[in-house]
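Asks: My questions will all concern the structure given below.
Number of protein chains: 2
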Amino acid sequence: MNIGEVANQAGVAPKTIRYYESVGLIPAATRRANGYRDYRTADLHTLRFIQRARALGFAVAEVEELLTLWRNKRRKSSAVKAMATAKIDEIDRKIAALQAMKRAIRYLTANCHGDTRPECPILDELAGGRA
Amino acid sequence: MNIGEVANQAGVAPKTIRYYESVGLIPAATRRANGYRDYRTADLHTLRFIQRARALGFAVAEVEELLTLWRNKRRKSSAVKAMATAKIDEIDRKIAALQAMKRAIRYLTANCHGDTRPECPILDELAGGRA
DNA sequence: CTTGACCTTCCAGTCACTGGAACCTTTATA
DNA sequence: TATAAAGGTTCCAGTGACTGGAAGGTCAAG
Chain F
3 MNIGEVANQA
13 GVAPKTIRYY
23 ESVGLIPAAT
33 RRANGYRDYR
43 TADLHTLRFI
53 QRARALGFAV
63 AEVEELLTLW
73 RNKRRKSSAV
83 KAMATAKIDE
93 IDRKIAALQA
103 MKRAIRYLTA
113 NCHGDTRPEC
123 PILDELAGGR
133 A
Chain C
3 MNIGEVANQA
13 GVAPKTIRYY
23 ESVGLIPAAT
33 RRANGYRDYR
43 TADLHTLRFI
53 QRARALGFAV
63 AEVEELLTLW
73 RNKRRKSSAV
83 KAMATAKIDE
93 IDRKIAALQA
103 MKRAIRYLTA
113 NCHGDTRPEC
123 PILDELAGGR
133 A
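As you go down the protein sequences, you meet chains F and C in turn.
According to our numbering, the first sequence holds residues 3 to 133 in order.
According to our numbering, the second sequence holds residues 3 to 133 in order.
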C-alpha cells in the first residue's frame, strides 16, 4: 500500500503519517525499489488505532503509551483505565474553563445594545470592570 | 513604572509584555536613561484590558481589534457585540467537541474492569471498534 | 510525449508564550 | 566598600501537532 492509500483508509493525511514516523510514533516504513513507503494491513490497523486515540483527545506521547499497552499481553487493564479516567478529568477541566469564559462573555453581552451607537458595556467591563 | 511592576498590576508576566510589544499589540514603551522600559497608568489600563480579553478566550489578533474599537469613539457597539457572540459560538463548538470526546471515553471505560488482568475493552475498541 | 496525480525530502510557519543564556543596572546588606 | 540578589536588557530556541510549500523524482493514462 502506498502512503496515500493507507492514509485514506486510516483517516489521516499522508503528511501526518510521515510526521508520526519522524517523531517515532510509528516505525520507519519499508521502502519499495522506487523509494516509496510501503504499508501493510498491520500498519493500517496501527494508524487507525492512533487516529481513534487522537480523536479522543490523547496526545501523541499518550498514544505511544497506549500502543505499548496494546502490544503488551501482560498489561494490566487498570493502567489503561487510569489513562482514560485521567483524560476524562482533563477534558472536564477544559470544559469547565470554557464554560466560565462563556458565562463571562454572556454576562458582558447581556447589556450591550449592539446597535450603531458607541456605548458598549463589553468594552467598559474589559477596560475597568470588576469582571 | 518598571516592567515588573506593571506586569504585577496587570496580572501578566514581564516576558508576555515584551512579547506583546514585539508583535505590535502594544506600542514600544518609552525608555529611561538606563534602557529600562517605563510604563504609565494608561499602559497599565491597556494591559489589564488585554489580560481580561485574553482570559475570555480572545486571540491576540482579536484583542487588537477590541483595542481599536475601544479607542474609536465612533465605533458601533454592534461590532463589539458581534465579536462577543462569535466567540461564544466558537467556545460552544469547542465545548461540544470536548463533550463528544468525553462521552466516547466514558463509553469505552464503562466495561473495563481496571484490574490486574490484560483484557481491556478500551484497547479493543481503539483497535477495531465501531467507536 | 505530456499531463496529472502520486511520491520524496526539507524548511518554515502556526499560536502565545516560556526557558534560558549572556549581559547590564539597581538596591540592599555585611 | 564590596558583593550579592533582584531586577532589567537582548536574542535564540522550544513547545504540539501538524500544515504549506518548494523542488524534485515516479508512474499510469490518453
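Just so it is clear, CB atoms sit at the ideal spot from N, CA and C, and this is done for glycine as well.
Owing to the predicted nature of the structure, the values given are computational and were not obtained by experimental measurement.
#1: Within 8 Å, do at least three Cβ pairs link the region 99-115 of chain C to the region 78-86 of chain F?
#2: Apart from the five residues on each side of it in sequence, which residues of its chain come closer than 6 Å, Cβ to Cβ, to K75 of chain F?
#3: By the three-class DSSP mapping on this structure, what secondary structure does D126 of chain F have?
#4: Run down chain F in chain order and give the residues with a C-beta less than 7 Å from the C-beta of M103 of chain C.
#5: In chain order, which continuous runs of the alpha helix (DSSP H) of length 4 or greater are located wholly inside the region 23-80 of chain C?
#6: N4 of chain C lies in the alpha helix (DSSP H); which residues open and close that run?
#7: Going along chain C in order, which residues have a C-beta closer than 7 Å to the C-beta of E121 of chain F?
#8: So, does the CB of L128 of chain C fall closer than 8 Å to a CB anywhere in chain F?
#9: Determine, using beta-carbon pairs with one atom in the region 61-70 of chain C and one in the region 90-102 of chain F, whether at least three such pairs fall under 8 Å.
#10: Is it the case that the Cβ atoms of V8 of chain C and L46 of chain C are separated by a distance below 8 Å?
#11: Leaving out five residues on either side along the sequence, give the residues of the same chain with a beta carbon under 8 Å from the beta carbon of N4 of chain C.
#12: Report, in whole angstroms, the separation of the C-beta atoms of K104 of chain F and I93 of chain C, which I expect to be a contact under 8 Å.
#13: Alpha carbons only, please: which of C:D91, C:L58, C:S79 and C:I52 is nearest the one belonging to G116 of chain F?
#14: Are the C-beta atoms of R33 of chain F and some chain C residue less than 8 Å apart?
#15: Taking buried to mean at least 16 other C-beta atoms within 10 Å of its own C-beta, is T32 of chain C buried or exposed?
#16: Going by DSSP in three states, A133 of chain F sits in which element: helix, strand or coil?
#17: Could you tell me the distance, in whole angstroms, from the CA atom of E121 of chain C to the CA atom of L49 of chain F?
#18: Determine, using beta carbons only, whether I107 of chain F comes closer than 8 Å to chain C.
#19: Cβ of Q53 of chain F within 8 Å of Cβ of V14 of chain F?
#20: Please classify A30 of chain F: is it buried, with 16 or more other beta-carbons within 10 angstroms of its beta-carbon, or exposed?
Replies: In brief:
#1: yes
#2: none
#3: helix
#4: L58, G59 and I93
#5: 43-57 and 62-73
#6: Element bounds for N4 of chain C: n/a, residue is neither H nor E.
#7: S79
#8: yes
#9: no
#10: yes
#11: Y38, R39, D40 and Y41
#12: 5 Å
#13: C:S79
#14: no
#15: exposed
#16: Note that A133 of chain F scores 43 on pLDDT, short of 50, meaning its location in the model is unreliable; the coordinates nonetheless yield the value given after this. Coil, per DSSP.
#17: 21 Å
#18: yes
#19: yes
#20: exposed
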